[in-house]
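Written out below as structure tokens is the structure these notes cover.
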Amino acid sequence: MDTRRIKQILSSSADIEVKYNGVSIWIDQLNEDGRTATVHLRGPLEERTVVEINELVEE
35 MDTRRIKQIL SSSADIEVKY NGVSIWIDQL NEDGRTATVH LRGPLEERTV VEINELVEE
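Count along the sequence shown from 1, then add 34; that gives the number in this note's numbering.
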């Protein structure tokens, strides 16, 4: 995924499914480096992780 699409997803009110390593996640923010994003799993766990944006896949 690229930075342009992540910004679109973050500004959208739609529920856009994104996966990281096959697991559905929420994108919290695009980080300042433009290469990583802070994400967390969909569901009750709110643990946040920083991942490379090129590893995110839109479903």
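Here a beta-carbon is modelled for each residue, glycine too, at the ideal position from N, C-alpha and C.
Residue i Cβ short of 7 angstroms to the ligand SAH heavy atom set
i, result
"Asp62", "No copy of the ligand SAH appears in this structure; indeed no ligand is present at all."
Closest by C-alpha distance to residue i, when choosing among the options
i, options, result
"Glu59", "Asp67, Val73, Gly68, Ala48", "A small fix is needed here, since residue 59 is Ile in this sequence, not Glu. That would be Val73, whose Cα lies nearest to the Cα of Ile59."
"Thr37", "Asn65, Arg76, Thr83", "Asn65"
"Glu81", "Gly68, Ile61, Asp67, Ile87", "Ile61"
Cβ-based burial, residue i [other Cβ within 10 Å; buried from 16]
i, result
"Val57", "exposed"
"Val91", "exposed"
Chain-order list of residues whose beta-carbon lies under 7 angstroms from that of residue i (same chain, five-residue window excluded)
i, result
"Val85", "Tyr54, Thr70, Ala71, Val73"
Where the alpha helix (DSSP H) containing residue i begins and where it ends
i, result
"Ile50", "Where Ile50 is concerned, there is no enclosing alpha helix (DSSP H), given that its DSSP letter is neither H nor E."
Residue i - containing beta strand (DSSP E), residue span
i, result
"Glu93", "No beta strand (DSSP E) holds Glu93; DSSP gives it neither H nor E."
Please specify which runs of the beta strand (DSSP E), each continuous and at least 3 residues long, are wholly inside the stretch 54-86, giving them in chain order.
Whole beta strand (DSSP E) segments, 3+ residues: 57-64, 70-75, 82-86.
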